[in-house]
Structure formats: C-alpha cells, structure tokens
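Student: The opening position of the sequence shown corresponds to residue 11 in my numbering, with each subsequent residue numbered one higher. Yeah, the Cβ is synthetic: ideal placement off N, Cα and C, and Gly gets one too. Since the model is a prediction, treat every value here as computed from it, not as a measurement. Please read through the structure below; I'll follow up with questions.
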Amino acid sequence: MSSSPTDGSPDGPSPPPELAPDPALEAFERAMLGRPASMGRREVSRGAGVSIRSARKFWHAMGFPVVQEGDAMFTEADLDALSRVAAMVREGDIPEEFALAMTRAIARTMDRLAAWQGQLVSEEIARLRRGDALEGDPDEPADDTTPRGAAATSTRDAEAAAAWLAELSDELEPLLVYVWRRQLTATIQRLLTVEEDGSRASVIGFADLVNFTSVVRRLTERDLARMVQRFEDLCTDVVTAHGGRVVKTVGDEVLFQTFEVAPAAAIALDLVEAMGEDDLLPSARVGMAYGPVVRRLGDVFGTTVNRASRLTAVAPPGGVFVDDALARLLEPLSGFSTLPTRPRALRGIGEVAPSRLVRVTGVRRPADVTAHV
C-alpha cells in the first residue's frame, strides 16, 4: 500500500501554512501562566527526571494534545507540576496509574469549569454590548437578535472577555481551592458515614422537564438558555438545601443522590412544587429508587439508577414516583404518604408498580430556598 507524498512537492498536497504568533494571545498566556513558554518536551521530562513517555502520559491525562519535538510549549509551572507528581510516584506515595487517574479527574473537572466560566464571561460581555445594563433589567435585552449564550463575536469583545478572565483568575483561585477543600470534606464525611452503616445503598432521583422537546421548538436560543439555566439553578438550590448531591445535569434532566430517605422525599416534592410555581419553567416530574449503586468518575451507575430513570419517564407531570424499596422506607415517616399505582412495564427493568409520593403536611422547603426560587 503506497502513501501519498506530503512534502509539498507538485505530486502531493502542500503542508498547511504556519500561523503567525498572535501577540495578544501570547500576552494573555503569560498573564495566566505567569511565565513564558520556553521549554520543549525533552527539557521538561529531563528536568522532572522522567522519561519522555511518562511525561507524555501525564500531559495527555491533563487533556492536552501531542506536542511535537522542538515545540517550546512548556513553562516552569509545567515542570513544577510534573516534578511534583513524579516525586510522589518515585517515593512510593502513589502508584503511577493512580497518579494519572487523579490527574484525569482534575483535568476533566477543570476543563468543564474553565469552559463554563469562559461562557459566563462571554455572555456578560455580549449582554453589555446589547445595552441591557442601560435598560436596568438584565433579563430583558434591548436587542433580541443576539441570543443569550452567544459568545462575544467581535475581536474587541473576545479580547475584553479574555482580559476579564485573566483579571478574575487571581481573585477566583483562592475560592477554587476553598470550595474544593469543602467539597472534599463533605465527600470524606459521606465515605465515613457509609462505612459505619456498612451499606452502599442510597436514594437516586431524576428530575426532568415535561414535554421539553415541544417546548424547545417554541423558544428562541436565548430563552432556551435562560430556561435551562433556571432549571439547573433551582435544582441545585433545592437539592443542596436538603443535604443532597447533584451528580450531574444533562439539558432537561438532573440526577441527584442522598443517603437518607426523608431528605430525598423533601427534595422531590419541593422540586415539582417549585417548578410548578415558576412561570419560566414547564412542569417537572421526579422518579426515585433506593438501592446499591456503583460510583465511578464522580458519576453513579447500576440498576438503581436505571430504575429511577425509568420511573421518571412514566411519572405524571408535577408528580413523584418511587420504587417499592423507597416506599417501604418512607411509610413510617411523618409528613409523607405513598399511594400505590397500577403496574407499568419499564424498559430494561420489567413490570413495576410504582407508588406516588405526596405531602401530607404543610411543611415546605427551607425559607432561604423559597426566597431564592
């Protein structure tokens, strides 16, 4: 099998032209990274005392592409990071595969966080450009031709967004470390609680917006972005107010987890009630199941998760369906009641007779959450 020439000869395609360095981009890189990129991969690996192969694995674990020989892409900060990880592996603190797994976890989280923050700043720049601030109402733009969620479109706007991000980075960095430590503390507490109980069972819940597909067809991009953001914000507020954990959000659906059944019931009922009272959102429905789950990469998997998802799909608008295991645990609790419903065939699960969860007292979610939502 022959290969086509790639050396730029008349018989083959010309190589892509090299892009000229962008002074503005280089300035922002220096501002963010602190030091200019002056080292190639060989210098960094030699400085950290590791092979080029090991350095490449670490770089890929951070989510970055292949670096060619001779490309001066690395700074002293890159060398420091690689040296720190290499030292932990060399001294036997952690195995290499564990170090790479930890690096991937950090990198994936930071990638999503950076993209999210960049989008927020770009949206704010676009909002200011539309003149929303002069109108006095950030939710009512003066010009609907630019949807919320559209990034800054001009070079000037892009540079303004980049400058703002660079300026905010020093102020946000201590907050980032603080929140990480608080979340890590909460994770440790959950681990210890689970070990003491000798169980890995938990309540898994899904909340989704009813008729989301048809609603989307009637919305502008800007209104859709506002609705999804509102849904995520409200879910996060309600779930965390009751001590639950938002595992992930995917468009019109939120997956949450608790280790106690009473908070789970309060979360589910508060969610459907709050969304029913919110003019910006369609009605919601929730499905919950109790049982063991497999936790991996910050996510949850298993039959319990699948059962909760399938229950959500058949729950009525504004209603909450729970499985038998959760219904039995809720039965002796005051403030809630479970009502049997007809059997339903759930895809991949089989026939299930879910119970509908209802509130039997006037107790509602905490006042601070009510005020926010």
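Can you give me the Cβ contacts of VAL256 inside the same chain, cut-off strictly under 6 angstroms, excluding the 5 residues immediately before and after it?
Tutor: These residues qualify, in order along the chain: THR246, VAL249, PHE266.
Student: Ends of the alpha helix (DSSP H) at PRO350?
Tutor: No alpha helix (DSSP H) holds PRO350; the beta strand (DSSP E) holding it covers 346-350.
Student: Are at least three pairs of beta-carbons, each pair with one atom in the segment 99-117 and one in the segment 125-145, less than 8 angstroms apart?
Tutor: Short answer: they don't touch.
Student: For the pair the segment 92-102 and the segment 48-59, tell me if three or more CB-CB distances fall below 8 angstroms.
Tutor: Touching, yes, given that three or more Cβ pairs across the two stretches are closer than 8 angstroms.
Student: Put LEU110 into one of helix, strand or coil per three-state DSSP.
Tutor: It is helical.
Student: What did DSSP end up calling ARG295 once you bin it into helix, strand or coil?
Tutor: Strand.
Student: With a Cβ-Cβ cutoff of 8 angstroms, do GLN127 and LEU201 count as a contact?
Tutor: No, Cβ-Cβ distance for GLN127 and LEU201 is not below 8 angstroms.
Student: Does the separation of the CB atoms of ASP218 and THR313 fall below 8 angstroms?
Tutor: Taking 8 angstroms as the Cβ cut-off, ASP218 and THR313 do not qualify as a contacting pair.
Student: To the nearest angstrom, report how far apart ARG40 and ALA168 are at their CA atoms.
Tutor: Cα to Cα, the separation comes out at about 17 angstroms.
Student: Round the Cβ separation of PHE282 and VAL330 to the nearest angstrom and send it over; I've been treating them as touching at under 8 angstroms.
Tutor: Note that residue 282 is Val in the sequence shown here, rather than Phe. Yes, they are in contact, since the Cβ atoms of VAL282 and VAL330 sit about 6 angstroms apart, within 8 angstroms.
Student: How is LEU234 classed by DSSP in three states: helix, strand or coil?
Tutor: Helix.
Student: Where DSSP assigns a beta bridge to ARG51, which residues make up the other side?
Tutor: BP columns for ARG51 are empty, so no partner.
Student: Which full runs of the alpha helix (DSSP H) of 4+ residues lie inside the segment 64-131, going along the chain?
Tutor: The qualifying runs are 86-100.
Student: Could you spell out where the alpha helix (DSSP H) holding VAL333 opens and where it closes?
Tutor: It is Asp, not Val, that sits at residue 333 in the sequence shown. Element bounds for ASP333: n/a, residue is neither H nor E.
Student: Can you tell me whether DSSP reads ALA363 as helix, strand or coil?
Tutor: Coil.
Student: Could you give the C-beta distance for ALA299 and ALA284, rounded to a whole number, given that I count them as a contact under 8 angstroms?
Tutor: Not a contact, Cβ separation roughly 22 angstroms.
Student: Using C-beta distances below 7 angstroms, list every residue in its chain close to VAL351, excluding the 5 sequence neighbours before and after it, in chain order.
Tutor: Strictly speaking, residue 351 in this sequence is Thr, with Val absent from that position. Contacts found: ALA363, PRO364, SER365, ARG366.
Student: When burial is assigned at 16 or more other CB atoms within 10 Å of the CB, is VAL332 buried or exposed?
Tutor: When all chains shown are included, VAL332 counts as buried.
Student: Does DSSP put GLY301 in a helix, a strand or coil?
Tutor: Strand at GLY301.
Student: Return the CA-CA distance between ARG158 and ALA170, expressed in angstroms with no decimal places.
Tutor: Low local confidence applies: a pLDDT of 46 at ARG158 is under 50, so the model's placement there is unreliable, and no value is given.
Student: For ASN221, which option in PRO326, TYR188, LEU178, MET72 has the closest C-alpha, if you only look at C-alpha atoms?
Tutor: Nearest C-alpha to ASN221: PRO326.
Student: Please report how far the alpha carbon of VAL271 lies from the alpha carbon of MET49, in whole angstroms.
Tutor: The alpha-carbon atoms of VAL271 and MET49 are separated by roughly 55 angstroms.
Student: Measure the beta-carbon distance from ARG51 to ALA65 and round it to whole angstroms, keeping in mind my assumption that it falls under 8 angstroms.
Tutor: The pair is a contact, with the Cβ atoms about 6 angstroms apart (cut-off 8 angstroms).
Student: Going straight from the alpha carbon of ASP233 to that of ASP121, what length do you get?
Tutor: Distance between the alpha carbons of ASP233 and ASP121: 26 angstroms.
Student: Are the Cβ atoms of PRO292 and VAL225 separated by less than 8 angstroms?
Tutor: Yes, the Cβ-Cβ distance between PRO292 and VAL225 is below 8 angstroms.
Student: Going by the DSSP bridge assignment, what does THR223 pair with across the sheet?
Tutor: THR223 pairs with nothing; no bridge assigned.
Student: Let me check understanding here. Comparing Cα to Cα, which of PHE216, ILE104, LEU89 lies closest to VAL324?
Tutor: Comparing Cα-Cα distances from VAL324 to each of PHE216, ILE104, LEU89, the minimum goes to PHE216.
Student: Just the Cα atoms here: how many angstroms apart are GLY345 and LEU244?
Tutor: Whole-angstrom Cα-Cα distance: 23 angstroms.
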